Amino acid sequence: MASPLMASCSSIFGAKSGSSFASCFSPSIRAHSLRKHALNKVLAVMAPARSPRSPSSTGSVKHAMTMTEKILARASEKSHPEPGENIWVNVDVLMTHDICGPGTIGIFKKEFGQNAKVWDREKIVIIPDHYIFTSDERANRNVDILRDFCLEQNIKYFYDIKDLGDFRANPDYKGVCHIALAQEGHCRPGEVLLGTDSHTCTAGAFGQFATGIGNTDAGFVMGTGKILLKVPPTLRFILDGEMPNYLLAKDLILQIIGEITVAGATYKSMEFVGSTIEGLNMEERMTLCNMVVEAGGKNGVVPADETTFKYLEDKTSKNFEPVYSDDNARFIQEYRIDVSKLEPLVAKPHSPDNRALARECKDVKIDRVYIGSCTGGKTEDFFAAAKVFLASGKKVKVPTFLVPATQKVWMDIYSLLVPGSGGKTCSQIFEEAGCDVPASPSCGACLGGPHDTYARMNEPQVCVSTTNRNFPGRMGHREGQIYLASPYTAAASALTGYVADPRDFLL
Amino acid sequence: MAMAAAASAAATVGAKPSFSSHATHALLISRLRHGLSFPKHISSSCPTLASRSAPKHLPLRRPPRATAAPAETAPATFHGPCYVLGDNIDTDQIIPAEYLTLVPSKPDEYEKLGSYALVGLPSAAYTTPFVGPGATRTRFPVIIAGANFGCGSSREHAPVALGAAGARAVVAESYARIFFRNSVATGEVYPVESEGVGLWKECTTGDIVTVELGENLLVNHTTGKEYKLKPIGDAGPVIDAGGIFAYARKTGMIASPSN
Chain A
1 MASPLMASCS SIFGAKSGSS FASCFSPSIR AHSLRKHALN KVLAVMAPAR SPRSPSSTGS
61 VKHAMTMTEK ILARASEKSH PEPGENIWVN VDVLMTHDIC GPGTIGIFKK EFGQNAKVWD
121 REKIVIIPDH YIFTSDERAN RNVDILRDFC LEQNIKYFYD IKDLGDFRAN PDYKGVCHIA
181 LAQEGHCRPG EVLLGTDSHT CTAGAFGQFA TGIGNTDAGF VMGTGKILLK VPPTLRFILD
241 GEMPNYLLAK DLILQIIGEI TVAGATYKSM EFVGSTIEGL NMEERMTLCN MVVEAGGKNG
301 VVPADETTFK YLEDKTSKNF EPVYSDDNAR FIQEYRIDVS KLEPLVAKPH SPDNRALARE
361 CKDVKIDRVY IGSCTGGKTE DFFAAAKVFL ASGKKVKVPT FLVPATQKVW MDIYSLLVPG
421 SGGKTCSQIF EEAGCDVPAS PSCGACLGGP HDTYARMNEP QVCVSTTNRN FPGRMGHREG
481 QIYLASPYTA AASALTGYVA DPRDFLL
Chain B
1 MAMAAAASAA ATVGAKPSFS SHATHALLIS RLRHGLSFPK HISSSCPTLA SRSAPKHLPL
61 RRPPRATAAP AETAPATFHG PCYVLGDNID TDQIIPAEYL TLVPSKPDEY EKLGSYALVG
121 LPSAAYTTPF VGPGATRTRF PVIIAGANFG CGSSREHAPV ALGAAGARAV VAESYARIFF
181 RNSVATGEVY PVESEGVGLW KECTTGDIVT VELGENLLVN HTTGKEYKLK PIGDAGPVID
241 AGGIFAYARK TGMIASPSN
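Residue numbers (UniProt numbering), protein chains in the order written: chain A, 1 to 507; chain B, 1 to 259.
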């Protein structure tokens with residue numbers, strides 16, 4: 001299979017890469033063919049070697065910088081932070097949830113004192129979302145800990161849930177934190193957002209720096225509003241070409257992870273540009289940035305544009321300052337992808353970089369399909385699945401579980417009309433196709449969770465899932481097999497009972 | 001530069017109980033800037049580290065570990081049977097999500113997390129459990145693994161579970177970023193990198209090993225082989241102290257917590 005992905009390394013010293021597809025060497029292809037070897041040896045985490053700083057760089061001479069460097073420059077009040085440099089960064093938003101919030105609060109109290117106040121009650125966003133609809137007492141207690149803390153600290157943004165019997169009785173409750181952050185206007189270009197969740201990188205879709213941290217670091221941020229960060233060098237991905245109607249952003253990111261491996265971007269920033277990216281809506285851009293951590297990436301960014309500003313119009317009244325990579329900014333590597341040549345993909349068990357064409361796996365019999373999570377449980381994801389069900393007019397052959405990411409997504413499924421359906425909503429199409437009734441919004445079975453979690457994989461089954469990880473045990477059972485796929489591919493697979501290529505239904 | 005940063009920081013931080021003055025915060029910023037780093041950068045940036053004085057015995061929040069070398073001697077040495085893992089051991093295998101309801105900052109739940117360490121490993125591939133049935137602690141103070149150890153989630157429960165079980169050091173070819181950072185920030189385990197690759201293929205679970213942090217050496221007494229390790233660098237003293245907060249207090253960067 002010819003790789004449509006090409007890499008160029010010419011820009012490391014600031015030389016702008018030409019428009020030619022030719023590359024001076026092709027580390028991506030080499031990395032692919034020698035993946036094991038590469039993983040063992042090369043794909044470690046070091047910032048690239050740099051030429052010494054010229055004397056002029058300490059003066060007022062303007063330096064070319066990447067987006068990520070510019071965001072961190074502003075947040076650290078430094079003129080030109082260098083990749084590899086450890087800098088103190090002012091945090092704009094700190095997010096935590098019911099899994100890591102109680103531990104973060106514990107550390108904050110222990111280290112800053114029982115009566116300490118958070119650094120800014122309006123900059124901390126607390127979103128219960130992981131283990132909500134469960135009878136697990138400790139999980140329920142953890143939400144109570146969040147509530148008590150938010151009351152004590154008068155935290156402005158706490159998306160609480162008290163009535164577990166009916167999520168709709170809780171107007172404040174949102175659901176999956178990364179999607180709720182966007183929908184509630186907490187994602188803004190140029191800002192620094194940290195969260196106690198590795199998929200915090202999702203918010204990079206808004207042209208901001210967003211990354212996941214642990215409880216101890218979050219406890220520190222909670223008290224000080226600051227964090228010590230190492231400035232990451234940037235890998236740039238230039239995606240051009242018309243997006244075929246059978247592909248989604250999930251296919252693009254699976255292609256990239258398959259190419260650079262699960263450690264290919266460790267300690268690095270991943271910047272996505274090109275005409276294909278410009279054509280993606282915000283939710284698709286979020287899918288792309290969501291999975292940069294699956295390549296080890298520290299953060300992902302998409303430059304803010306009219307699509308971004310339009311999305312933000314009714315969501316935030318705060319001023320923000322988008323920043324963009326300079327033309328001659330230094331990228332440690334550039335990859336070019338001709339999207340028009342790609343095919344629907346899956347990541348086979350048990351690694352997100354275990355890439356294969358969906359059609360190559362058509363003999364893999366499956367037991368279930370799961371559509372949900374921060375990666376694949378957004379409104380656009382359910383619209384995509386509905387499109388496939390609508391086009392086929394058939395019923396699913398395996399249990400198909402639908403878990404909307406947030407309350408807003410749930411509402412969209414029940415209220416927005418699917419184009420070309422003759423006035424049907426997603427929920428009607430799903431019902432006609434024989435899917436399970438859309439569940440209460442939460443992280444659900446994406447990461448297994450307590451044993452009574454809806455759609456948790458309690459048997460060693462084979463699942464096609466729109467989620468982000470397929471590690472052993474990820475969805476519950478250690479011997480379960482997870483094929484990561486786009487909502488198109490997941491819906492097509494539900495219809496056949498095998499891993500399927502959505503072109504069988506969409507062409 | 002540090003002073004400028006501190007001045008701006010003081011506006012937001014000065015009121016915080018543990019940041020008692022601008023001066024201590026400035027110190028924190030300048031010390032931490034040079035102090036906390038990541039594996040590849042430390043070796044060259046702080047050559048004096050190997051000769052650091054012995055860390056004082058500190059009241060750590062974690063319980064004392066049976067397998068630990070005495071805290072009074074430096075640099076640290078860990079000795080005992082090793083537990084061997086492959087590439088890309090992710091956080092779901094280190095601590096499956098169903099146990100994330102346990103809050104690491106609560107002492108009894110901390111201990112419980114330890115009893116579930118590495119319980120997510122496929123039992124067919126790993127026939128020896130890391131923590132024996134009914135036990136809360138492991139008999140393996142050293143974990144040897146391949147590349148990209150700790151990939152996946154940002155859950156701090158992962159290094160905490162390993163540390164709570166009694167593991168002291170992980171020797172891997174490379175680490176996922178957040179796991180490495182969480183290991184240092186919590187001081188739970190020493191995330192040490194091996195110089196070469198394939199170490200995990202030459203070791204077997206149960207081999208008796210010694211990790212000499214001072215010598216940057218791993219000795220497998222069972223096979224008689226020795227392996228070079230990359231210096232732990234500036235992360236070492238932070239872990240010695242018991243994590244980033246303990247280190248900052250010990251070195252006078254931040255004041256003790258108020259009540």
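Glycine included, every Cβ here is placed at the ideal spot set by N, Cα and C.
Quick caveat: nothing in here was measured; it's all calculated off a predicted structure.
Check	Outcome
For A/CYS446, the three-state DSSP class (helix, strand or coil)	helix
The beta strand (DSSP E) enclosing A/THR234, as first and last residue numbers	234-240
Span of the beta strand (DSSP E) around A/GLN481	481-485
Secondary structure of A/TRP410, DSSP reduced to three states	helix
Contact under 8 Å by Cβ, B/LEU80 with B/VAL142	The question names Leu, yet the displayed sequence has Gly at residue 80 of chain B. Yes, they are a contact pair.
Exposure of B/PHE245, with buried meaning 16 or more beta-carbon neighbours within 10 Å	buried
B/CYS151 in three-state terms, based on DSSP	strand
N-terminal and C-terminal residue of the alpha helix (DSSP H) that A/ASP381 is part of	379-392
Whole-number beta carbon distance between A/PHE471 and B/ASP92, since they are thought to touch under 8 Å	5 Å
Proximity of B/HIS221 and B/THR204 at Cβ, strictly below 8 Å	no
Closest Cα partner of A/VAL339 within the set A/THR134, A/ASP240, A/ARG121	A/ASP240
Beta carbon of A/GLU271 nearer than 8 Å to that of A/MET67	yes
C-beta neighbour in chain B for A/GLY214, strict 8 Å	yes
A/GLU122 (DSSP reduced to helix, strand or coil)	coil
Local conformation of A/GLY354 per DSSP, three classes	The displayed chain sequence assigns Asn, not Gly, to residue 354 of chain A. Coil.
Per-residue DSSP class, three states only, for A/LEU288	helix
7 Å Cβ cut-off: residues of chain B touching A/THR139	The residue you asked about is not Thr; residue 139 of chain A is Ala in the sequence shown. The contacting residues are THR101.
Among B/VAL84, B/ILE254, B/CYS151, B/GLY86, the one whose alpha carbon lies nearest that of A/ALA265	B/CYS151
Closest Cα partner of A/ASP251 within the set A/ILE337, A/VAL323, A/ARG188	A/ILE337
Euclidean distance between Cα positions of A/GLN333 and B/THR77	40 Å
Chain B contact for A/ARG30 (CB, 8 Å cutoff)	Caution applies to A/ARG30, whose pLDDT of 38 falls short of 50 and renders its modelled position unreliable; the value that the coordinates give is listed next. For A/ARG30, the answer is no, since every Cβ of chain B falls outside 8 Å of its Cβ.
Residue-chain proximity (B/CYS203, chain A), Cβ-Cβ < 8 Å	no
Contact between the region 188-196 of chain B and the region 217-237 of chain B (3+ Cβ pairs under 8 Å)	yes
Residues of the region 256-275 of chain A whose Cβ lies closer than 8 Å to any Cβ of chain B, in chain order	VAL262, ALA263, THR266, TYR267
Beta-carbon contacts of A/VAL437 that lie in its chain and below 6 Å, excluding the five residues immediately before and after	none
Residue-chain proximity (A/PHE483, chain B), Cβ-Cβ < 8 Å	The sequence shown places Tyr at residue 483 of chain A, not Phe. A/TYR483 does not count as touching chain B.
Proximity to A/PHE401 [Cα-Cα], best of A/ILE371, A/ALA386, A/GLU321, A/ILE87	A/ILE371
Cβ of A/GLY372 within 8 Å of any chain B Cβ	no
Buried/exposed call for A/ASP144, threshold 16 Cβ in 10 Å	exposed
First through last residue of the alpha helix (DSSP H) which encompasses B/ILE178	177-186
Against chain B: residues of the region 433-461 of chain A by CB proximity under 8 Å	LEU447, GLY448, GLY449, PRO450, HIS451
Local Cβ density within 10 Å of A/SER493, reported as buried at 16 or more and exposed below that	buried
Best match in A/VAL396, A/LYS397, A/VAL398, A/ILE413 for proximity to A/PRO404 [C-alpha to C-alpha]	A/ILE413
Neighbour flag for B/ILE232 against chain A, beta carbons, 8 Å	no
Where the region 337-360 of chain A meets chain B: residues whose CB sits under 8 Å from a CB there	SER351
Spatial distance of A/ARG368 from A/HIS350 (CA atoms)	17 Å
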